[in-house]
Amino acid sequence: MMMLTMRLITASPKQIFLLLLRLHVVAVLVPCLLTLLFAAPVAAQGDVGATCNPSSLPGYQYSVKLTDRGLVLHWKVVNSTTVNLAAQALAGPVAAGWFAVGWSGSSGRMVPGEAVIGNLPGGVMQAYYLGDYALDSVVPTTQFSIGSDAMLTTNADNSLVMKFARSISDGKVKVVVQGVNSMIWAFSDGSQTLAQHPPTNMGSLPLDYSCPSSSGSTSSSGSSSGSSSGGSSSGSSSSSSGSSSQDKGSACQPSSLRGYTCSLQLSRAAYILHWVVNKGSSVSMAAQVATTGYIGVGFSKDGKMINSDAAIGNLPPGTLANGAAVGPYFLGGYDVGSVQPTGTWSVTDTSVTTANGYTIIKFTRSMGTGNVPIDASGPTTIIWAYSPDGSTTLAYHGSNYGSASIDFVKGTSAAGHGSSTAAYIAHGVLLALAFALLMPLAILLARLLLADRPHGALLNLNHPASIPTDANAYTNGNGRASSAQQYGKNLRPLGFQLHRGIHVAALLLAVAGMIVIFVQAGSKGLSWTHGQVGLAAVILALLQGMVGFIRPDKTAPSRFKWLVAHWVIGATTIALAWAAIFLGIDLYHTKFMENVTWCYWVSGVCVGVFGFGYLVLVIPDSILSLTAPKDHSNAGKCTAAGV
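This is the structure we're talking about:
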């Protein structure tokens with residue numbers, strides 16, 4: 005410690021400047037590591053829950069006031085797997101427009117989350133997935149059910165009550181009967197049209213449905229929420245099989261649209277297919293998509309687009325004959341010119357409706373017609389796609405496509421996600437290997453094997469003064485270089501080649517990762533902060549590689565400026581790369597609602613190892629190298645030349 009202090013005191017301003025440059029990476033990595041270790045793994049523990057009050061609604065046990073402006077949540081635990089809930093909007097501003105209650109997957113934040121939104125145009129209430137803060141990412145979902153008895157009612161006091169049931173086994177956001185749930189709520193500025201709410205019309209609270217602080221004697225008498233009278237059922241919240249449908253099958257996910265029995269969420273946040281099998285060997289379908297552009301539902305032999313049939317709707321006026329809303333097409337190739345109307349099969353009962361940022365196309369087709377008929381005794385492979393930019397003009401769909409296998413009669417299904425998930429995973433793995441493993445390794449190797457430092461740091465065998473002062477330790481007593489000194493000289497070329505080779509490999513992986521995501525998402529990826537930060541990191545990494553190949557000689561006057569540029573670009577690249585990694589993990593979790601905790605831990609270990617190695621190698625090494633110890637071995641002696 006004394007030696008470190010003395011070196012700092014005797015250092016020149018230029019040396020101090022170089023020291024600060026070297027420590028810049030540490031200054032960036034330490035906060036990232038602390039944030040990861042103490043913030044990312046923390047669960048939504050908080051309080052035991054909000055204070056439980058007796059419910060004033062018949063059929064419910066507890067209630068909590070969400071806001072003083074007139075929104076109250078009521079609930080009753082039916083059994084260990086189901087909770088009946090009611091969101092009551094008191095007469096006033098809240099009841100004038102849409103209102104919502106939901107569950108947060110990220111400790112009280114809206115994204116990612118799930119919600120039930122009611123009092124939409126036409127008195128609609130429906131389950132939604134909250135994929136992002138943008139309106140087009142708030143989309144209907146069938147991942148969780150709100151019960152067949154869900155309804156929106158008006159009480160005698162003119163309050164609106166949104167009643168529904170929630171099963172703990174449904175949905176992407178975990179809901180528990182005993183334990184804390186992260187509840188969220190919001191309401192509009194008085195409009196029924198779904199739009200971004202004012203920042204003051206929202207909130208969150210931890211809530212334990214079992215109310216452990218309550219004695220349990222506050223239960224109100226009355227019928228269950230599903231059988232309450234005094235209101236009309238929402239058209240979009242109850243599924244109706246209709247007299248024309250067959251058995252929908254035990255594995256069928258109930259549809260939230262009237263007139264349809266089954267549904268399947270084809271895209272995790274954008275596309276839902278509803279259907280009902282009619283008497284007479286026909287199937288009625290409705291594709292509900294978060295877009296204002298064209299929508300396609302196809303039928304394929306092998307899951308590929310070519311040689312498939314498709315029903316395409318929401319095209320520009322006049323595109324389809326007789327003013328039809330949806331038309332049959334044959335897909336002869338991948339280009340738009342190969343997508344042609346066909347007469348080998350037909351669609352009837354067509355319609356298109358657009359509301360609240362999503363579009364629904366409806367049609368009925370016969371099961372036995374077309375190039376690819378619907379299999380009445382087994383699964384049929386369907387393909388789907390929709391407009392990439394909200395345009396009704398038929399054009400390349402980009403990444404908005406996928407396939408699934410559906411047994412329309414039995415109701416069994418298995419959704420696919422196209423190449424979307426695989427592409428995002430490949431992108432993340434390639435960039436993580438480049439920036440979290442290879443580039444830090446190249447930096448540490450540079451500190452281990454390349455530095456010309458005379459103070460004997462770890463593996464420093466590149467400078468004669470770093471070898472023990474005993475002459476025999478490095479000359480073997482005969483004036484010849486020892487094996488240790490020779491070993492050090494041999495390490496330097498190897499270290500340089502490793503440093504450069506690993507960095508080049510990292511650049512190749514980074515470029516490959518960018519190509520993968522560009523092919524998948526195009527320029528849309530740059531709309532995310534992750535994409536912007538990641539692109540900046542890759543550009544700087546490429547610049548750093550070019551700078552490395554044009555380094556001047558050690559004796560050149562420009563060497564110092566080159567070192568400064570090399571350190572600054574490298575430190576900034578690593579900082580941006582780590583920010584992009586954590587932003588990317590969070591974005592993947594938000595987009596696909598998958599558990600990515602292990603990704604945080606793996607990334608944290610990489611940060612920790614790199615940070616620890618840098619702290620051990622760079623800080624002592626940088627301080628000790630501020631002023632190199634002078635060689636006093638010949639002090640007081642006369643050389644032959646000086647006689």
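Here the working numbering is used: the first residue of the sequence shown is 5, the next is one more, and so on.
All C-beta atoms in this analysis are idealised placements derived from N, C-alpha and C, irrespective of residue type, glycine included.
Being a predicted model, the structure only gives us computed values, none of them experimental.
Here the alpha carbon of Gly552 sits roughly 56 angstroms from the alpha carbon of Leu211. Beta-carbon to beta-carbon, Pro345 and Gly327 are separated by about 14 angstroms, too far to satisfy the 8 angstroms threshold.
Look at the stretch 367-429 and you find these whole runs of beta strand (DSSP E), each 3 residues long or longer: 384-390, 405-410, 417-419. Here the alpha carbons of His507 and Asp411 stand approximately 51 angstroms from one another. Judged by DSSP in its simplified three-state form, Val609 adopts helix. Per DSSP, reduced to three states, the secondary structure at Ile573 is helical. When beta bridges are read from the DSSP output, Met289 appears opposite Trp279, Phe367. At a Cβ-Cβ threshold of 9 angstroms, Asn123 and Phe103 count as neighbours.
Using a Cβ distance threshold of 9 angstroms, Val120 and Phe168 count as a contacting pair. The secondary-structure analysis by DSSP pairs Leu209 across a beta bridge with Met187. In this structure, Tyr298 keeps its C-beta atom at 9 angstroms or more from the C-beta atom of Ser355.
Proximity to Thr296 across Gln257, Thr363, Val81 peaks at Thr363, based on C-alpha coordinates. Pairwise C-beta distances place the stretch 165-179 in contact with the stretch 86-94, as three or more of them are shorter than 8 angstroms. Remark: fewer than three beta-carbon pairs, one from each stretch, lie closer than 8 angstroms, so the stretch 429-448 and the stretch 278-298 are not flagged as touching. Judged by pairs of C-beta atoms under 8 angstroms, the stretch 374-387 touches the stretch 334-353, as three or more such pairs exist.
One alpha carbon belongs to Ile554, the other to Ala509, and they sit about 18 angstroms apart. Straight-line spacing of the CA atoms in Gly317 and Val340 works out to 15 angstroms. Looking at the DSSP output, Ile316 sits in a beta bridge with Gly300, Gly331.
Close CB contacts of Asp140 within its chain, under the 7 angstroms cut and outside five residues either way in sequence, are with Ala294, Gly361 (chain order). Restricting attention to beta strand (DSSP E) runs no shorter than 3 residues, the stretch 84-128 encloses them at 86-93, 103-108, 117-124, ordered along the chain. Look at Ser195 here: in three-state DSSP terms it is coil, with no helix or strand label. In summary, Asn83 is exposed, with fewer than 16 beta-carbon neighbours lying within 10 Å of its beta-carbon over all protein chains present. In this structure, DSSP gives Gln257 an extended state, which the three-state scheme calls strand. For Gln257, same chain residues with a beta-carbon under 7 angstroms away, outside a window of 5 residues either side, are Thr146, Cys266, Ser267, Leu268 in chain order. Pro58 carries a strand assignment under DSSP once its states are collapsed to helix, strand and coil. Straight across, the Cα-Cα distance linking Gly151 with Gly337 is about 43 angstroms.
Out of Ser527, Gln548, Ala540, His534, the CA that lies nearest to the CA of Arg504 is found in Gln548. Take the alpha-carbon of Arg369 and the one of Thr577: they are about 56 angstroms apart. Following the DSSP letters along the chain, one finds Phe168 inside the beta strand (DSSP E) bounded by residues 164-171. Membership of Thr358 in any alpha helix (DSSP H) is not indicated; the residue belongs instead to the beta strand (DSSP E) covering 351-359. When only Cα atoms are considered, Ile519 and Val81 end up about 51 angstroms apart. Listed as beta-bridge partners of His78 by DSSP are Ser67, Ala90.
When beta bridges are read from the DSSP output, Leu268 appears opposite Leu277. Membership of Thr533 in the alpha helix (DSSP H) is indicated by the continuous run 533-553.
Pairwise C-beta distances place the stretch 556-569 out of contact with the stretch 601-610, as fewer than three of them are shorter than 8 angstroms. Leu324 has its alpha-carbon roughly 47 angstroms from the corresponding atom of Asn159.
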